[in-house]
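*Asks:* Just so you know, we're using the numbering used here here: the sequence shown kicks off at 945 and counts up by one.
Below is a structure I'd like to ask you about.
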Amino acid sequence: MNDIQIIENLRQMQTFSESQRLAGKTIALVPTMGYLHAGHLSLIEKGRERGNPVIISIFVNPTQFGPGEDLDKYPQSFEKDVEMAQKHGAHVVFAPQKDALYPPDYQTFVALERLPAHLCGISRPVHFRGVATIVTKLFNIVKPHVAVFGEKDFQQLLVIRQMVRDLNFDIEIVGAPIVRESDGLAMSSRNAYLNDGQRKSATSLFQSLKAAQALVAQGIFDSRRIIDAAEAVITSYPETKIDYIRLCDPENLEAVESVKGQALLALAVKIGTTRLIDNMILTS
Ligand code: AMP
């Protein structure tokens, strides 16, 4: 097994990456908030297909959490994460300190005009500003050629792709498919919050996407009918509270009336106090 290097210091990270670039290496970055699961590991695998070294960042980014969200209780397991990252062939864990990234006089943010006005951006108004800001900072510190993001956070992936185009980052953005538990629940660090009953209710997200997919397979393309069917599945489980279910254009997230070609069915549901998201591309 390769030795894995842990880097905390920002300058040290930049120097490491600069030397890798000078040696002609292709740097792949996998940004995460830690508490790693198989979804994160699939991103490392993708990173290994595209580059060497693979650098996985672990940082619970405070600026993407709104007031009253779960920043203070976000699960952490640093030693286990390092072990898992090493086992799956990552070369470096970049684990910066909060105060180094956001010193007291910090005042610069990256905000997109339109994409955050949809889906998760409505109930989490500062979220994508925080995401775009931290990813910009990670890009400047890690200097990757390639960065890998999961399609589970579909809106985030669009935000990053847009930001990279708009700000001329010379970085290839690679999307990775959603990794699921055997019962279909999308893997998420936040699944750790669920008790047994809630864990059962959490399967309703994928069940509802499957129900929608079955309708489309029967030739039912109307947005209202698809969303109603998805909603019926979710509300049939206890402790579920729908934040949103939307059928939208997978490129700009504008709502669509029906599935014509490809449409994104995206949803966010609270199970007890835990907010989970999932999505599926539906094809007519
Ligand atoms: P997080 O640590 O939750 O911020 O996620 C870090 C990265 O892993 C993001 O690009 C996520 O989209 C991705 N990710 C999280 N869960 C999954 C999953 N179940 N399948 C694929 N990618 C995932």
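For each residue, glycine too, the CB sits at the ideal point set by N, CA and C.
Bear in mind the structure is a predicted one, so any value in this text is a computation, not a measurement.
1. Beta-carbon distances below 6 Å to any heavy atom of the ligand AMP define the shell here; list its residues in chain order, please.
2. Closer than 8 Å by C-beta to Tyr1046: which residues in its own chain qualify, once you throw out the five before and the five after it? Chain order, please.
3. For the region 963-995, which segments carrying the beta strand (DSSP E) assignment without a break, of at least 3 residues, lie completely within its bounds, in sequence order?
4. So the beta strand (DSSP E) Asp1222 belongs to, where does it begin and stop?
5. Report buried or exposed for Thr1052, applying the criterion of at least 16 other Cβ atoms within 10 angstroms of its Cβ.
6. With a threshold of 6 Å on Cβ separation, who are the neighbours of Lys1185 within its own chain once the five nearest residues in sequence on each side are excluded?
7. Relative to the C-alpha of Cys1064, which candidate in Ala1044, Phe1038, Ala1039 and Asp1097 has its C-alpha closest?
8. Measuring alpha carbon to alpha carbon, tell me which of Ser1148, Gln1157, Ala1156 and Tyr1188 ends up nearest Ser1180.
9. Tell me where the alpha helix (DSSP H) around Ala1136 begins and ends.
10. Expressed to the nearest angstrom, what Euclidean distance is found between the alpha-carbon atoms of Asn1237 and Val1004?
11. Our contact map puts Ala1034 next to Ile948 with C-beta atoms below 8 Å; I'd like the distance itself, whole angstroms only.
12. Could you say if the region 965-980 and the region 1012-1024 meet the contact criterion of at least three C-beta pairs nearer than 8 Å?
13. Residues in its own chain within less than 8 Å of Glu1201 by CB, not counting five upstream and five downstream?
14. For the region 954-967 against the region 1070-1087, are there 3 or more C-beta pairs whose distance is under 8 Å?
15. Taking the alpha-carbon of Arg1124 as reference, which of Ile950, Leu985 and Gly968 has the nearest alpha-carbon?
16. Measuring alpha carbon to alpha carbon, tell me which of Arg1058, Lys1204, Met1131 and Ala1039 ends up nearest Ile1078.
17. Compare the C-alpha of Ser1145 against each of Gln1157, Ala1176, Leu1159 and Gln956 and name the closest.
18. Taking the CB atoms as reference points, tell me whether Ala1212 and Ile1225 lie closer together than 7 Å.
19. Measure the beta-carbon distance from Ile1000 to Ile988 and round it to whole angstroms, keeping in mind my assumption that it falls under 8 Å.
20. Just how far apart, CA to CA, sit Arg1134 and Phe1150?
21. Candidates Gly1163, Gly983 and Glu1183: which alpha carbon is nearest Asn1139's?
22. Using DSSP with H/G/I as helix, E/B as strand and the rest coil, what is Ser1001?
23. Below 6 Å CB to CB, which residues in the same chain sit around Met1107 once its five sequence neighbours on both sides are set aside?
24. Residues bridged to Arg1124 by DSSP?
25. Can you check whether the CB of Leu1101 is closer than 7 Å to the CB of Phe1093?
26. Give me, in chain order, the residues of the same chain whose beta-carbon lies closer than 7 Å to that of Ala1155; leave out the 5 immediate sequence neighbours on both sides.
27. Where Arg1143 and Ala967 are concerned, what is the direct C-alpha to C-alpha distance, given to the nearest angstrom?
28. Helix, strand or coil: how does DSSP classify Val1213 here?
29. In whole angstroms, what is the alpha-carbon distance linking Asp1014 and Ser1132?
*Replies:* In terms of the structure at hand:
1. Cβ atoms closer than 6 Å to the ligand AMP belong to Thr976, Met977, Gly983, His984, Ser986, Leu987, Phe1093, Gly1094, Lys1096, Asp1097, Ala1120, Ile1122, Val1123, Ala1130, Met1131, Ser1132 and Ser1133.
2. Reading the sequence shown from its first residue, position 102 is the one you call residue 1046. Here the set comprises Pro1006 and Thr1007.
3. Within the region 963-995, the complete beta strand (DSSP E) runs of at least 3 residues are 972-976.
4. The residue you call residue 1222 lines up with position 278 of the sequence shown. Annotation for Asp1222: the continuous beta strand (DSSP E) segment containing it runs Thr1218 to Thr1227.
5. Sequence index remark: in the sequence shown, residue 1052 carries index 108 (1-based). Per the 10 Å Cβ criterion, exposed.
6. Looking up residue 1185 in the sequence shown gives position 241. The residues are Lys1214.
7. Looking up residue 1064 in the sequence shown gives position 120. Looking only at Ala1044, Phe1038, Ala1039 and Asp1097, the smallest Cα-Cα distance to Cys1064 is reached by Asp1097.
8. Residue 1180 sits at position 236 when you count from the first residue of the sequence shown. Residue Ser1148 holds the alpha-carbon nearest to the alpha-carbon of Ser1180 among Ser1148, Gln1157, Ala1156 and Tyr1188.
9. Along the sequence shown, read from residue 1 onward, the residue named residue 1136 stands at position 192. In the DSSP annotation of this structure, Ala1136 is not part of any alpha helix (DSSP H), being labelled neither H nor E.
10. Outside the displayed span of the chain (945 to 1228) sits residue 1237, for which this structure offers no information.
11. The count along the sequence shown starts at 1 and reaches residue 1034 at position 90. The count along the sequence shown starts at 1 and reaches residue 948 at position 4. Right, their Cβ atoms sit about 6 Å apart.
12. Result yes; three or more Cβ-Cβ pairs closer than 8 Å.
13. The sequence position of residue 1201 within the sequence shown is 257, counting from 1. Answer for Glu1201: Asp1166 and Ser1167, listed in chain order.
14. Result yes; three or more Cβ-Cβ pairs closer than 8 Å.
15. Here residue 1124 refers to the residue found at position 180 of the sequence shown. Looking at the Cα atoms, Leu985 is the closest of the given residues.
16. Here residue 1078 refers to the residue found at position 134 of the sequence shown. Of the residues Arg1058, Lys1204, Met1131 and Ala1039, the one whose Cα lies closest to the Cα of Ile1078 is Ala1039.
17. The residue given as residue 1145 occupies position 201 in the sequence shown. When only C-alpha atoms are compared, the closest one is Ala1176.
18. The sequence position of residue 1212 within the sequence shown is 268, counting from 1. The sequence position of residue 1225 within the sequence shown is 281, counting from 1. Cβ atoms of Ala1212 and Ile1225: not closer than 7 Å.
19. Position 56 of the sequence shown, counted from the start, is the residue given in the question as residue 1000. Position 44 of the sequence shown, counted from the start, is the residue given in the question as residue 988. Correct: roughly 6 Å between the Cβ atoms.
20. As a working note, residue 1134 is residue 190 in the sequence shown. As a working note, residue 1150 is residue 206 in the sequence shown. Between the alpha carbons of Arg1134 and Phe1150 lies a distance of about 16 Å.
21. Taking the first residue of the sequence shown as position 1, residue 1139 is located at position 195. Ranking Gly1163, Gly983 and Glu1183 by Cα distance to Asn1139 puts Glu1183 first.
22. For the purposes of this step, residue 1001 is taken as the residue at position 57 of the sequence shown. Ser1001: strand per DSSP, three-state reduction.
23. Position 163 of the sequence shown, counted from the first residue, corresponds to residue 1107. Around Met1107: Ala1076.
24. The residue given as residue 1124 occupies position 180 in the sequence shown. Bridge partners of Arg1124: Ala1130.
25. As a working mapping, residue 1093 is identified with position 149 in the sequence shown. As a working mapping, residue 1101 is identified with position 157 in the sequence shown. Cβ distance < 7 Å, so Phe1093 and Leu1101 count as in contact.
26. Counting from one through the sequence shown, the residue named residue 1155 turns up at place 211. Annotation for Ala1155: Ala1173, Ala1174 and Val1177 place their beta carbon closer than 7 Å to its own, counting only its chain and skipping 5 residues before and after.
27. Counting from one through the sequence shown, the residue named residue 1143 turns up at place 199. Counting from one through the sequence shown, the residue named residue 967 turns up at place 23. When rounded, the separation of the alpha-carbon atoms in Arg1143 and Ala967 is 48 Å.
28. If you number the sequence shown from 1, residue 1213 lands on position 269. Val1213 falls in the strand class under three-state DSSP.
29. Position 70 of the sequence shown holds residue 1014. Position 188 of the sequence shown holds residue 1132. Taken atom to atom, the span from the alpha-carbon of Asp1014 to that of Ser1132 is near 14 Å.
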